[in-house]
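Here the sequence shown is numbered in the UniProt record's numbering, starting from 1 and rising by one per residue.
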Amino acid sequence: MFNLTNPDRAIRVGVILLKGIAELIDVAPVELFRHVSHEFVDYLPSSAVPAQLKPQAHHFEYHWVSEAGSKSLMKGTSGSTIVPTDSFKTCPPLDIVIIGASGASNPSPAELQFLQKSYNDSSAFITTCFGMLGPLKAGLFDGKTATAPSFFLDELRATNPNTTWVDKRWARDGKLWTSGTLLNGINVVTAFIQHTWGSGDGSLPDVMGKFAAWPTGTDSYDEIV
Numbered sequence: 001m002f003n004l005t006n007p008d009r010a011i012r013v014g015v016i017l018l019k020g021i022a023e024l025i026d027v028a029p030v031e032l033f034r035h036v037s038h039e040f041v042d043y044l045p046s047s048a049v050p051a052q053l054k055p056q057a058h059h060f061e062y063h064w065v066s067e068a069g070s071k072s073l074m075k076g077t078s079g080s081t082i083v084p085t086d087s088f089k090t091c092p093p094l095d096i097v098i099i100g101a102s103g104a105s106n107p108s109p110a111e112l113q114f115l116q117k118s119y120n121d122s123s124a125f126i127t128t129c130f131g132m133l134g135p136l137k138a139g140l141f142d143g144k145t146a147t148a149p150s151f152f153l154d155e156l157r158a159t160n161p162n163t164t165w166v167d168k169r170w171a172r173d174g175k176l177w178t179s180g181t182l183l184n185g186i187n188v189v190t191a192f193i194q195h196t197w198g199s200g201d202g203s204l205p206d207v208m209g210k211f212a213a214w215p216t217g218t219d220s221y222d223e224i225v
C-alpha cells in the first residue's frame with residue numbers, strides 16, 4: 001500500500017461515480033483534502049496558518065471516475081452535472097477512494113470489478129451513506145465492521161450477516177472507512193485526516209480544522225460535533 005503519511009508523490013484521490021444520480025453532499029467531503037494541501041495552505045497568510053506548519057501539507061491529484069469517463073456526463077443531485085476525468089480503463093491506481101450514493105441498486109459487472117480493483121489498490125477506501133451498497137455487492141464488506149444509515153441497519157444485519165453492522169457516525173476496519181448518512185461523510189473524512197496526518201495541538205489538521213470549522217471527528221451520535 002502507498003504510504004499516505006509520508007508520500008513521495010502526489011496523493012491520488014478518486015471519487016468513483018456509479019450509474020445513477022450522484023448525491024453531491026456525499027462526495028463533497030473530498031474538499032477537506034484540499035484544506036491540507038499545498039495548493040491551499042501555501043497561499044494562506046501566516047495569521048491563518050503559521051509558516052512552520054505549511055510543510056506538513058501534501059500534494060493531491062483528483063480523479064472523478066466513471067465507467068465511460070469524459071465521454072458521458074454524470075447526473076448529480078440538485079440539477080448538477082459532473083464531467084468525469086477518467087474512465088475505469090484510464091484511471092491510475094487510486095490511493096484514497098470516496099464513493100457516495102448514486103441511487104443505482106444494481107452496479108454493472110464493470111463497476112463491481114472496478115470497485116474490487118480500487119479497493120485492492122487503495123490505502124484508504126471511504127464510503128458515505130448509501131455509497132456502501134456498491135462495495136457491499138462487490139464483496140468488500142465480508143468479515144468487516146461497517147456502518148450505514150441507522151434506519152437501514154436492521155435490514156442489513158438480516159441480509160448481510162457476514163458484516164458486523166454498528167450504529168455510528170462512522171466506522172473503521174483497516175483501510176475501510178464507512179459513514180452513516182449524508183453529512184456523516186464530513187465526520188468520516190475529518191476522522192480519516194486526523195488519523196492519517198495528526199490531530200494534536202499545533203498540527204496542520206488541528207489548525208485547519210479550527211480555521212474551517214470542521215466537526216470534531218467523533219464517531220458517536222451521542223456526542224456533540
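Ideal placement from N, C-alpha and C gives every residue a C-beta, glycine not left out.
Residue burial classification, residue i (beta-carbon count within 10 angstroms, cutoff 16)
i    : result
H58  : buried
G200 : exposed
V83  : exposed
A213 : exposed
K71  : exposed
8 Å Cβ cutoff met for residue i and residue j
i           : j    : result
G76         : T90  : no
V49         : V30  : no
S80         : L24  : yes
S179        : Q56  : no
L115        : A138 : yes
S123        : F211 : no
residue 246 : T127 : Since the first residue of the chain shown is 1 and the last is 225, residue 246 is not available in this structure.
Residue span of the beta strand (DSSP E) that contains residue i, given as start and end
i    : result
Y62  : 60-66
K75  : 74-76
G200 : Segment: none, G200 is in no beta strand (DSSP E) and carries neither H nor E.
G14  : 11-16
N- and C-terminal bounds of the alpha helix (DSSP H) containing residue i
i    : result
R157 : 153-159
F125 : Note, F125: premise wrong, no alpha helix (DSSP H); beta strand (DSSP E) at 124-127.
A110 : 109-121
R34  : 31-34
Three-state secondary structure assigned by DSSP to residue i
i    : result
A146 : strand
A57  : coil
S70  : helix
Segment contact, 8 Å Cβ cut-off, at least three pairs: the region 59-75 with the region 21-41: yes
Given 8 Å, three or more beta-carbon pairs between the region 147-161 and the region 190-197: no
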